[in-house]
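Step one of this worksheet: look at the structure below.
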Amino acid sequence: KAGVTQTPRYLIKTRGQQVTLSCSPISGHRSVSWYQQTPGQGLQFLFEYFSETQRNKGNFPGRFSGRQFSNSRSEMNVSTLELGDSALYLCASSLAGQTSYEQYFGPGTRLTVT
Amino acid sequence: KNEVEQSPQNLTAQEGEFITINCSYSVGISALHWLQQHPGGGIVSLFMLSSGKKKHGRLIATINIQEKHSSLHITASHPRDSAVYICAVTGNQFYFGTGTSLTVIP
């Protein structure tokens, strides 16, 4: 089975722009979660999607949004980028949800905001 | 206030040593996860547990729900175990510890 894939792997954007990141889960997995990792804050939970519905959300501003499609693929969008949004963005998929099932992580998208 | 605390932050061991990493949490949880992250960013889930003890090869994870504490043990450590180990708990969302950076010297 193919693992979790994320595209693009690297991205450079300018402050004020917006960005869309994509995550394709393992086949059969219905839950996708997104995380931000920075040297200062470590790993932080952004949100979780299950069957096209956002099920849980972390403490991030409304500039961070996401969606999930019927094939379980997910995208996250960050609008009006700030320098502090520079981070490694990870997604993880699981069979049915982060609270009860093992998470499988993708390689991440490294976003640099200049 | 950190919902998940890990100790130690950094750990250096000689090859073959027995290693313990500790994790304490303050929130109600449905599961606790131990994750491994190698340089370059990739994260691998080592264990997910809600009670008792699990073993996989040289790795053992335990959890005490009453004391809100978990430990990750590595027996007969090897240089390839060098990585950052992260404790995370799931309740209504995912809370992460700051990680323990382990270096195993040959």
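Which chain is which? The protein sequence lines are C and E, in order.
Using our numbering, the letters of the first sequence correspond one by one to residues 1 to 114.
Using our numbering, the letters of the second sequence correspond one by one to residues 115 to 220.
Cβ coordinates follow ideal geometry from the N, Cα and C atoms, glycine included.
Quick check on DSSP: helix, strand or coil for residue i?
{"i": "E/G142", "result": "coil"}
{"i": "C/R55", "result": "strand"}
{"i": "C/R67", "result": "strand"}
{"i": "C/R110", "result": "strand"}
{"i": "C/L83", "result": "helix"}
{"i": "E/H147", "result": "strand"}
{"i": "E/T134", "result": "strand"}
{"i": "C/L95", "result": "coil"}
{"i": "C/Y104", "result": "strand"}
{"i": "C/T126", "result": "Because chain C spans 1 through 114 in this model, residue 126 of chain C falls outside it and cannot be assessed."}
{"i": "C/F60", "result": "coil"}
First and last residue of the beta strand (DSSP E) that includes residue i?
{"i": "C/R45", "result": "Note on identity: in this sequence residue 45 of chain C is Phe, with Arg being the wrong assignment. Here the beta strand (DSSP E) through C/F45 covers 42 to 50."}
{"i": "E/G166", "result": "166 to 170"}
{"i": "C/V4", "result": "Segment: none, C/V4 is in no beta strand (DSSP E) and carries neither H nor E."}
{"i": "E/A190", "result": "Counting along the chain, E/A190 falls outside any beta strand (DSSP E), and DSSP gives it neither H nor E."}
{"i": "C/E75", "result": "74 to 78"}
{"i": "E/E119", "result": "118 to 121"}
{"i": "C/T38", "result": "31 to 38"}
{"i": "E/S196", "result": "Taken as a continuous stretch (DSSP letters only), E/S196 belongs to no beta strand (DSSP E), as it is neither H nor E."}
{"i": "C/S27", "result": "Careful: C/S27 lies outside any beta strand (DSSP E) and carries neither H nor E."}
{"i": "E/K182", "result": "It is not in any beta strand (DSSP E) - E/K182 carries neither H nor E in the DSSP assignment."}
{"i": "E/N124", "result": "124 to 128"}
{"i": "E/F210", "result": "208 to 210"}
Comparing C-alpha positions only, which one of the options sits nearest to residue i?
{"i": "C/Y104", "options": "E/Q151, E/N124, E/R172", "result": "E/Q151"}
{"i": "C/T53", "options": "C/Q44, C/R67, C/Q41", "result": "C/R67"}
{"i": "E/E131", "options": "E/H192, E/C201, E/I174, E/G211", "result": "E/H192"}
{"i": "E/T126", "options": "E/A145, E/G211, E/A197, E/N206", "result": "E/A197"}
{"i": "C/S72", "options": "C/A87, C/C91, C/L111, C/F64", "result": "C/C91"}
{"i": "E/T212", "options": "C/G40, C/L83, C/Y49", "result": "C/G40"}
{"i": "E/G166", "options": "E/E129, E/N124, E/G205, E/A145", "result": "E/A145"}
{"i": "E/P220", "options": "E/N124, E/E119, E/E129", "result": "E/E129"}
{"i": "E/K182", "options": "E/G155, E/I157, E/L163", "result": "E/L163"}
{"i": "C/S51", "options": "C/T38, C/P25, C/F64", "result": "C/P25"}
Here's a check: name, in chain order, each residue in its chain whose Cβ is nearer than 8 Å to the Cβ of residue i, leaving out the five neighbours to either side.
{"i": "E/E117", "result": "Y139, S140, V141, V203, Y209"}
{"i": "C/Y101", "result": "S31, S94, L95"}
CB-CB under 6 Å to residue i, same chain, minus the five flanking residues each way: which ones, in chain order?
{"i": "E/T134", "result": "S185, H187"}
{"i": "E/N136", "result": "S121, S185"}
{"i": "C/R110", "result": "Y10, L88"}
In its own chain, which residues sit with a C-beta less than 7 Å from the C-beta of residue i, not counting the 5 before and 5 after it?
{"i": "E/W148", "result": "L160, F161, A175, L186, Y199, C201"}
{"i": "C/E82", "result": "R15, V113"}
{"i": "E/G205", "result": "V141, G142, I143, S144"}
{"i": "C/K57", "result": "F47"}
Please list the partners that residue i has in chain D, where partner means a Cβ-to-Cβ separation under 9 Å.
{"i": "E/I200", "result": "Looking at the structure shown, chain D is missing, and the protein chains on hand are C and E."}
| message | If contact is defined by three or more beta carbon pairs under 8 Å, each pair taking one atom from either stretch, is the region 75 to 82 of chain C in contact with the region 8 to 18 of chain C? | response | yes
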